[in-house]
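Visitor: Numbering (this note's numbering), first residue to last: 845 to 1643.
C-beta: ideal position from N, C-alpha, C; glycine also.
(1) Span of the beta strand (DSSP E) holding residue 1201?
(2) Can you grab the Cα-Cα spacing for the pair residue 1268 / residue 1246, in whole Å?
(3) By how many angstroms is the C-alpha of residue 1585 removed from the C-alpha of residue 1107?
(4) How close, in whole Å, do the beta carbons of residue 1445 and residue 1468 come, if the pair is a contact with beta carbons under 8 Å?
(5) To the nearest angstrom, report how far apart residue 888 and residue 1583 are at their CA atoms.
(6) Classify residue 1304 as buried or exposed, calling it buried when 16 or more other Cβ atoms lie within 10 Å of its own Cβ.
(7) By the 10 Å Cβ neighbour count, where 16 or more other Cβ atoms means buried, how is residue 845 classified, buried or exposed?
(8) Do you know offhand how far residue 1046's Cα is from residue 898's?
(9) Can you find at least 3 beta carbon pairs, one from the segment 1046-1060 and one from the segment 1023-1038, that sit closer than 8 Å?
(10) What residue from 1609, 1590, 1636, 1603 has the CA that sits closest to residue 1622's CA?
(11) Figure out for me which residue from 1357, 1291, 862, 1316 has the closest Cα to the Cα of residue 1603.
(12) Do residue 1127 and residue 1577 have their beta-carbon atoms positioned less than 9 Å apart in this structure?
(13) Can you list the alpha helix (DSSP H) stretches of 4 or more residues lying completely in the segment 1379-1457, in chain order?
(14) Run the CB neighbour count on residue 996, radius 10 Å, all protein chains shown included, and call it buried at 16 or more, exposed below.
(15) Can you tell me whether residue 1621 is helix, strand or coil according to DSSP?
(16) Would residue 879 be called buried (16 or more neighbouring beta carbons within 10 Å of its own) or exposed?
(17) Tell me the DSSP bridge mates of residue 1592?
(18) Which class does residue 990 belong to by DSSP, given the choice of helix, strand or coil?
(19) At the level of alpha carbons, what is the spacing between residue 1113 and residue 1379?
(20) Tell me where the beta strand (DSSP E) around residue 1134 begins and ends.
(21) What number of angstroms, rounded off, separates the C-alpha of residue 1563 from the C-alpha of residue 1241?
(22) Tell me whether residue 1522 sits in a helix, a strand or coil according to DSSP, three-state version.
(23) Closer than 6 Å by C-beta to residue 1637: which residues in its own chain qualify, once you throw out the five before and the five after it? Chain order, please.
(24) Between residue 1550 and residue 1522, is the Cβ-Cβ spacing less than 9 Å?
(25) Skipping 5 residues on each side, what residues in its chain have a beta carbon closer than 8 Å to that of residue 1414?
(26) Just to confirm, are residue 1110 and residue 1300 a CB contact at a threshold of 9 Å?
(27) Between which two residues does the beta strand (DSSP E) containing residue 1233 stretch?
(28) How about residue 1130 and residue 1592: are their beta carbons less than 9 Å apart?
(29) Roughly how many whole angstroms lie between the Cα atoms of residue 1389 and residue 1361?
(30) Taking just the CA atoms, how far does residue 1324 sit from residue 1271?
(31) Please name the residue, chosen from 1531, 1239, 961, that lies closest to residue 1209 on a Cα-to-Cα basis.
(32) Terminal residues of the continuous beta strand (DSSP E) containing residue 1184?
(33) Do you know offhand how far residue 1162's Cα is from residue 1278's?
(34) Would you mind working out which of 1174, 1506, 1442 sits nearest residue 1519, comparing C-alpha positions?
(35) Could you check what DSSP says for residue 845 in three-state terms: helix, strand or coil?
(36) Taking 7 Å as the limit between beta carbons, can you name the residues of its chain near residue 1351, skipping five residues before and five after?
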């Protein structure tokens, strides 16, 4: 158990409440809390200079790399320790210690009726915390020194708060110091949230097979590698396991053109990673660091001091989710009379039992229990729908190698050095489409993340004694898919098939998202040879969609002509008929279209799949694209199955969904079509955890406004139902563009500043600019050149 725990007793919490009230009444100021002073920071090895500009961006200069990390740790601890604390508790499977063991609402899209201990059990069995501690002990000296310094800085910030922490801590339990290995743990936790979407795809795919059998499942998933199916299922309705956290998929975009397609004859690079908006501050921490080994600027990951996107004067890079198939599900057949033994391809394997007592805030300790074997973890209740135990295997990783590789990437000046860093990063916990561009003209897509060698695919559940269920090691990074300097002059990734000829190494055709964003971006890149920061910024603002117009036309065909009375049905029909496919804030047609599809997908798929499997599919990112195909293709065989289960034609289903959509809009927003604008139906709130408490949003929210885009526009919004409308849950929380003709500068936008403390302007100073698609310039400046400096601290060597 952890030592030096700080209990937040009544006096501390009262002091925190009083500080919060003072912050609200006095208003934010451009200062760091606790104060940015030499006395507060940990001891430094050499000279350090720290500046913060009016946006809160830290510019840190140090004689020693470890001092960069010490100063960075202090600022991250000051700016966002509550979010980092939640993250490491999630990754260690200790959330009950921090918030208790309450039950989530049964209707929750993210946490479907689970207790906090269920989430803890799922993660605890993955052993992230112990793995991170072991890897920290095995780190090379320089990387370990940097993580030591980062932790020292984080803990110095906590000590300097003197027990009066920012407001978000009011909802949390005791504080404990940050350990150096917590940076590796944080990386693993973030990677898990990315990896959950492919896992859900596999669980839902198998649930559909069990609910309706392979004949109909093939209609749902015609692109799946059915030639590899281990056997056809006799439909066996029954519960299918679900992970306790539904992240779905949040996507991202990045792209680059070479000099032949750029106005300045040098590559131009863009990235806009999509992550959840909650809680603020924004996921990526913008910082600029300089030491003798490198100069670098960009977005640092939560709790793990590596730059997921950025530039260093030579290269610019960024990442999107690769939807790597990092999971396998295996049916475990226990041997009669030997319940802790099971059948394997080699004969027999051992099943080990694990038990822990789990600390719970506000309650008694609870026991956690699970089993494990060579084929993965056997969670309690995780059974195939025919009653056979299921084991879940997750690709192993080395988070220490991940951090070490990113330190190498920061210092890379050549393409060869960059690729050597990627080979090290490839051993880490993430699977990302890594795109990059070099100022000398090189552009490339080189995804990373260990890829298991399988004799077939990893989509299908297989028996543990099936030879095709075994892994034969992992591909070396040199065998990963890649596109280097393609003749077409551009590279792009948007969570789909980046290169159809190679993507089967990453996943099956069922795992990634549809090519909606990918196709639209590629068409834009191919359309001109004068790309620049301005053209890239325009594309990052894109809220139009090519895919929606054919879907809309199919809906209109099925509806028939509804342009006459009665109102407001006619108004909704005419708006939809005249829609240009743009999800702008003033578009009522966008609201009709989006809500109609949400209603229709349930009418089509739940009668066929049943309530449980149907809801699982609807909670995923697969349901709506499958409905698009069903509507567009009049010969789609799934139509007949849907109509038979629903006992009505598709046209009647569409009309019923349309009528329900119009009635819902009238009831919630009023009878006039002008009241149904997308910006009224579809909103965004970005705020700290306290912004979710009724009445407090105006104090703790950085953004509470109408929002544009949908789940598949280039500028996206992945939304969830809320209050009769839709609330954006995830999107492009940061945007970055770098013209390699000027490799020392970049253009940025963020949903919030780096701090989550409402007492400082570094929280929401830049939020309105992001909402309005405005960018600011930030460069690898020398200290004297940094504009709009609000704070400056110089620590001399030995001070």
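Guide: Put simply:
(1) The residue given as residue 1201 occupies position 357 in the chain shown. Looking at the DSSP string, the run of the beta strand (DSSP E) that includes residue 1201 is 1196-1202.
(2) The sequence position of residue 1268 within the chain shown is 424, counting from 1. The sequence position of residue 1246 within the chain shown is 402, counting from 1. When rounded, the separation of the alpha-carbon atoms in residue 1268 and residue 1246 is 6 Å.
(3) Against the chain shown, residue 1107 aligns to sequence position 263. Against the chain shown, residue 1585 aligns to sequence position 741. Linking residue 1107 to residue 1585 through their CA atoms gives a straight-line distance of about 10 Å.
(4) Here residue 1445 refers to the residue found at position 601 when the chain shown is read from its first residue. Here residue 1468 refers to the residue found at position 624 when the chain shown is read from its first residue. The beta carbons of residue 1445 and residue 1468 sit about 6 Å from each other, so the pair counts as a contact at 8 Å.
(5) Counting from 1 along the chain shown, the entry for residue 888 is found at position 44. Counting from 1 along the chain shown, the entry for residue 1583 is found at position 739. Going from the Cα of residue 888 to the Cα of residue 1583 covers about 35 Å.
(6) The sequence position of residue 1304 within the chain shown is 460, counting from 1. Buried: at least 16 other Cβ atoms inside 10 Å.
(7) Looking up residue 845 in the chain shown gives position 1. For residue 845, the predicted model reports a pLDDT of 37, less than 50, meaning its position is unreliable and no value from the coordinates is stated.
(8) Along the chain shown, one-based indexing puts residue 1046 at 202. Along the chain shown, one-based indexing puts residue 898 at 54. Straight through space, the alpha carbons of residue 898 and residue 1046 are spaced by roughly 46 Å.
(9) Too few Cβ pairs lie closer than 8 Å, so no.
(10) Here residue 1622 corresponds to residue number 778 of the chain shown, with the count starting at 1. The residue with the shortest Cα to Cα distance from residue 1622 is 1590.
(11) For the purposes of this step, residue 1603 is taken as the residue at position 759 of the chain shown. The residue with the shortest Cα to Cα distance from residue 1603 is 862.
(12) Counting from 1 along the chain shown, the entry for residue 1577 is found at position 733. Counting from 1 along the chain shown, the entry for residue 1127 is found at position 283. Against a cut-off of 9 Å, the Cβ pair of residue 1127 and residue 1577 comes out as a contact.
(13) Qualifying alpha helix (DSSP H) stretches, in chain order: 1392-1403, 1413-1421, 1432-1453.
(14) Position 152 of the chain shown, counted from the first residue, corresponds to residue 996. It is buried - the Cβ of residue 996 has at least 16 other Cβ atoms within 10 Å.
(15) Along the chain shown, read from residue 1 onward, the residue named residue 1621 stands at position 777. Of the three classes helix, strand and coil, the one that applies to residue 1621 here is strand, per DSSP.
(16) Numbered from 1 along the chain shown, position 35 holds the residue referred to as residue 879. It is exposed - the Cβ of residue 879 has fewer than 16 other Cβ atoms within 10 Å.
(17) In the chain shown, residue 1592 corresponds to position 748, counting from 1. Residue 1592 is bridged by DSSP to 1580, 1620.
(18) Looking up residue 990 in the chain shown gives position 146. Under the three-state reduction of DSSP, residue 990 is assigned to helix.
(19) Locating residue 1113 in the chain shown gives position 269, where the first residue counts as 1. Locating residue 1379 in the chain shown gives position 535, where the first residue counts as 1. Looking at the two C-alpha atoms, the distance is approximately 11 Å.
(20) The residue given as residue 1134 occupies position 290 in the chain shown. Residues 1129-1135.
(21) Counting from one through the chain shown, the residue named residue 1563 turns up at place 719. Counting from one through the chain shown, the residue named residue 1241 turns up at place 397. Their backbone Cα atoms lie some 32 Å apart in a straight line.
(22) Taking the first residue of the chain shown as position 1, residue 1522 is located at position 678. Correct three-state label for residue 1522: helix.
(23) For the purposes of this step, residue 1637 is identified with residue 793 of the chain shown, where counting begins at 1. For residue 1637, where only same-chain residues beyond five positions count, the Cβ hits under 6 Å are 880, 894.
(24) Locating residue 1550 in the chain shown gives position 706, counting from the first residue. Locating residue 1522 in the chain shown gives position 678, counting from the first residue. A contact, by the Cβ cut-off of 9 Å.
(25) The count along the chain shown starts at 1 and reaches residue 1414 at position 570. If we look at residue 1414 and ignore the five residues flanking it on each side, its Cβ neighbours are 1406, 1407, 1408.
(26) Translated into the one-based positions of the chain shown, residue 1110 becomes position 266. Translated into the one-based positions of the chain shown, residue 1300 becomes position 456. No, the pair does not count as a contact, with Cβ atoms beyond the cut-off.
(27) Here residue 1233 is taken as the residue at index 389 of the chain shown, counted from 1. Annotation: the continuous beta strand (DSSP E) that includes residue 1233 extends over 1233-1238.
(28) As a first step, residue 1130 must be located in the chain shown, where it is residue number 286. As a first step, residue 1592 must be located in the chain shown, where it is residue number 748. For residue 1130 and residue 1592, yes; Cβs fall inside 9 Å.
(29) Here the question's residue 1389 lines up with position 545 in the chain shown. Here the question's residue 1361 lines up with position 517 in the chain shown. Computed Cα separation, rounded: 8 Å.
(30) As a working note, residue 1271 is residue 427 in the chain shown. As a working note, residue 1324 is residue 480 in the chain shown. If I take the Cα positions, the gap works out to 12 Å.
(31) As a first step, residue 1209 is located in the chain shown; it is residue number 365 there, counting from the start. Closest by alpha carbon: 961.
(32) For this step, residue 1184 is matched to residue 340 along the chain shown. Per DSSP, residue 1184 belongs to the beta strand (DSSP E) from 1182-1188.
(33) By one-based count along the chain shown, residue 1162 stands at place 318. By one-based count along the chain shown, residue 1278 stands at place 434. Taking the straight line from one Cα to the other gives about 6 Å.
(34) Translated into the one-based positions of the chain shown, residue 1519 becomes position 675. That would be 1506, whose Cα lies nearest to the Cα of residue 1519.
(35) To locate residue 845, count along the chain shown from 1; it is residue 1. Only weak support exists for where residue 845 lies, its pLDDT of 37 falling under 50; the value from the coordinates is given anyway. Note: residue 845 maps to coil in three-state DSSP.
(36) In the chain shown, counting from the first residue as 1, residue 1351 sits at position 507. Excluding its 5 nearest sequence neighbours in each direction, residue 1351 has C-beta neighbours in its own chain below 7 Å: 1042, 1167, 1168, 1169, listed in chain order.
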